[in-house]
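Following: one structure in structure tokens, then a few remarks.
2 protein chains.
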Amino acid sequence: MIPSSICADCAVRDRALCASLSDEELLELNALGQRRHLSRGEALFWAGDDSAICANLLDGVLKIVASTSDGREQIVGLLYPADFAGQLFAAQVDFTIAALTDVDLCVFPRGAFEKVLQRHARMEHLLLQRTLAALGEARSRMLSLARKSAEEKVAGFLIDMTVRMADASSRATPGGPVTFDLPLSRGQMADILGLTIETVSRQMTKLRDAGVINLPGGRAITIADGPALIRRAEAA
Amino acid sequence: MIPSSICADCAVRDRALCASLSDEELLELNALGQRRHLSRGEALFWAGDDSAICANLLDGVLKIVASTSDGREQIVGLLYPADFAGQLFAAQVDFTIAALTDVDLCVFPRGAFEKVLQRHARMEHLLLQRTLAALGEARSRMLSLARKSAEEKVAGFLIDMTVRMADASSRATPGGPVTFDLPLSRGQMADILGLTIETVSRQMTKLRDAGVINLPGGRAITIADGPALIRRAEAA
DNA sequence: CGAATATTTGAAGCGAATCAATGCAAGTGG
DNA sequence: CCACTTGCATTGATTCGCTTCAAATATTCG
Chain S
1 MIPSSICADC
11 AVRDRALCAS
21 LSDEELLELN
31 ALGQRRHLSR
41 GEALFWAGDD
51 SAICANLLDG
61 VLKIVASTSD
71 GREQIVGLLY
81 PADFAGQLFA
91 AQVDFTIAAL
101 TDVDLCVFPR
111 GAFEKVLQRH
121 ARMEHLLLQR
131 TLAALGEARS
141 RMLSLARKSA
151 EEKVAGFLID
161 MTVRMADASS
171 RATPGGPVTF
181 DLPLSRGQMA
191 DILGLTIETV
201 SRQMTKLRDA
211 GVINLPGGRA
221 ITIADGPALI
231 RRAEAA
Chain P
1 MIPSSICADC
11 AVRDRALCAS
21 LSDEELLELN
31 ALGQRRHLSR
41 GEALFWAGDD
51 SAICANLLDG
61 VLKIVASTSD
71 GREQIVGLLY
81 PADFAGQLFA
91 AQVDFTIAAL
101 TDVDLCVFPR
111 GAFEKVLQRH
121 ARMEHLLLQR
131 TLAALGEARS
141 RMLSLARKSA
151 EEKVAGFLID
161 MTVRMADASS
171 RATPGGPVTF
181 DLPLSRGQMA
191 DILGLTIETV
201 SRQMTKLRDA
211 GVINLPGGRA
221 ITIADGPALI
231 RRAEAA
């Protein structure tokens with residue numbers, strides 16, 4: 001076998017939408033997919049572009065960005081490895097998708113991908129479930145954005161990141177202090193939380209001064225008092 | 001034929017998810033569905049409840065509500081006739097659904113509905129498309145909630161309502177002054193826009209004083225200067 | 001009509017944004 | 001190796017928009 005088999009060594013073969021397909025069924029997608037790399041900051045496509053492509057995220061983190069005509073921006077979603085990117089069944093895309101880190105993708109022509117979906121109900125079902133999950137998350141974030149204080153937002157975000165990092169490195173020390181590197185800059189955190197860089201920074205400082213977290217330097221953070229962090233994420 | 005055929009006279013037969021089914025296929029759902037009425041203010045279910053039922057909305061308006069543990073609330077979605085309500089593939093529901101007006105529903109047991117869905121790919125496909133649309137709308141609202149000023153939010157909301165009312169009554173006078181009754185109280189508008197009642201009221205007054213709208217009394221509103229309203233919905 | 005509910009209006013306070021430096025680490029080139 | 005740039009983060013001072021608290025109308029409905 002010639003290495004036309006890009007799926008064979010795919011890091012997300014059994015977690016992405018492809019997981020719903022057998023090896024034989026996968027051949028079809030294999031022929032369609034194109035590996036592609038984006039450097040930090042590059043966009044996969046811009047809001048308003050024709051909806052020509054979609055993709056599975058293999059590695060890295062993508063942001064989904066909504067913006068006003070005068071340039072204000074809001075990150076409305078993040079995509080992690082095995083997540084699906086793109087807007088199906090639409091002529092144009094409504095949101096910009098760009099790389100927060102260097103990213104590897106498996107890109108498909110949208111039309112062709114939709115046809116594959118049509119023929120594989122199990123894959124469409126999986127996509128439905130993921131879309132429903134994304135909708136629930138979006139709605140939860142609407143509550144945060146609209147009703148929570150800066151402190152609650154930042155604390156909640158740190159908890160989310162802690163959970164995600166714990167999942168990844170599964171260094172399970174429940175309750176105990178955990179240290180990891182935040183994958184996002186203050187500016188990106190602000191874009192997600194609907195705040196400004198300065199406010200995020202001030203809240204981080206406040207949490208440090210309160211002994212809830214430590215900030216050893218760089219992007220590193222230590223959760224010194226998880227329960228206290230949770231309390232602050234839900235404070236009235 | 002005995003009137004077991006509740007679908008026969010269904011107002012949303014060809015706009016709801018059911019539109020994807022033939023008359024014969026519909027018999028199955030017909031046997032499953034139960035008509036139900038909710039009075040203004042009543043809940044279909046509460047966040048945290050077991051996800052036991054789902055429903056097609058026949059008439060009226062439902063709100064989807066997210067809330068914090070200390071009682072702050074945010075309306076994260078509205079449902080109109082022919083829309084689908086409920087959380088599939090989940091043990092518990094994450095959001096409260098309640099009636100903004102008196103509503104009529106066609107209620108199904110969730111499990112049974114999912115089985116029907118499984119057997120009818122076209123229906124599942126339609127649900128996927130609707131879910132994708134809802135996700136897009138949720139993300140747009142995230143931008144509004146997080147980044148837009150009170151004036152932009154209120155103006156944008158009034159435009160949305162104008163479009164929706166125009167669709168319904170199709171009294172197409174593009175650009176010309178349009179009058180209709182807002183179906184929502186100031187409080188409900190505030191819950192949707194992430195503002196307080198007072199701020200909504202003040203913005204309405206400001207728009208009236210600027211000659212953009214008229215407020216003849218009660219819930220009535222006249223859009224006196226549509227273009228100006230649009231400008232204010234997008235102002236920097 | 002009159003009670004209850006919704007809306008408008010006013011005054012004061014607060015939280016986050018904005019404006020403005022300063023600090024800090026990493027890379028670049030002389 | 002050090003001066004310099006560049007990008008990111010922190011901190012401070014101030015402003016501004018929205019909320020909060022408090023009445024005073026309107027409106028609806030029994």
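Chains as they are written, first to last, in the UniProt record's numbering: chain S, 1 to 236; chain P, 1 to 236.
Yeah, the Cβ is synthetic: ideal placement off N, Cα and C, and Gly gets one too.
Query, Result
"Close Cβ partners of alanine 190 (chain S) (< 6 Å) along its chain, the five nearest in sequence each way excluded", "Thr196, Ile197, Val200"
"Histidine 120 (chain S) burial status per 10 Å Cβ neighbour count (16 or more: buried)", "buried"
"Rounded straight-line distance, which links the Cα of threonine 101 (chain P) to that of alanine 66 (chain P)", "18 Å"
"Interface flag, alanine 121 (chain P) vs chain S, CB-CB below 9 Å", "yes"
"Own chain, CB closer than 8 Å to alanine 137 (chain S), minus 5 neighbours either side, in chain order", "Looking at the sequence provided, one finds glutamate at residue 137 (chain S) rather than alanine. Hits under 8 Å: Gly77."
"Any C-beta of chain S under 9 Å from that of isoleucine 64 (chain P)", "yes"
"Beta-carbon neighbours of methionine 142 (chain S), restricted to chain P and to distances below 7 Å", "Ala66, Gln74, Val76, Ala138, Arg141, Met142, Leu145"
"Chain P contact for glutamine 118 (chain S) (CB, 9 Å cutoff)", "yes"
"Separation of proline 177 (chain S) from glycine 226 (chain S), as counted between CA atoms", "7 Å"
"Cutoff 6 Å; reference serine 39 (chain P); Cβ partners in own chain excluding five residues on either side", "Asp102"
"Closest Cα partner of leucine 32 (chain P) within the set P:Ala19, P:Ala55, P:Trp46, P:Val12", "P:Ala55"
"Chain-ordered neighbours of glutamate 124 (chain P) on chain S, where CB pairs are closer than 9 Å", "Ala121, Glu124, His125, Leu128"
"Alanine 149 (chain P) versus P:Val12, P:Arg13, P:Arg232, residue with shortest Cα-Cα distance", "In the sequence as presented, alanine is not what sits at residue 149 (chain P); that position holds serine. Checking every option, the nearest Cα to that of serine 149 (chain P) belongs to P:Arg232."
"Interface flag, glutamine 87 (chain P) vs chain S, CB-CB below 9 Å", "yes"
"6 Å Cβ shell around leucine 79 (chain P) - same chain, five flanking residues per side excluded", "Leu57, Leu62, Ala85"
"Buried or exposed (CB count within 10 angstroms, at least 16 for buried), serine 144 (chain S)", "buried"
"Closer than 9 Å to chain S by CB, aspartate 83 (chain P)", "no"
"Contact list for serine 69 (chain P) against chain S, beta-carbon separation under 8 Å", "Glu234"
"Short CB-CB distance (under 9 Å) between alanine 150 (chain S) and chain P", "no"
"N-terminal and C-terminal residue of the beta strand (DSSP E) that isoleucine 213 (chain P) is part of", "213–217"
"Contact the segment 117–133 of chain P vs the segment 111–131 of chain S: 3+ CB pairs below 8 Å", "yes"
"Exposed unless 16 or more other CB atoms sit within 10 angstroms - verdict on threonine 131 (chain P)", "buried"
"Local Cβ density within 10 Å of lysine 115 (chain P), reported as buried at 16 or more and exposed below that", "exposed"
"As assigned by DSSP and simplified to three states, the class of glycine 111 (chain P)", "helix"
"4 or more residues per run - each alpha helix (DSSP H) lying fully within the segment 123–164 of chain S", "none"
"is_contact[glycine 194 (chain S), chain P] using C-beta, thresh 9 Å", "yes"
"Contact the segment 36–52 of chain P vs the segment 87–102 of chain P: 3+ CB pairs below 8 Å", "yes"
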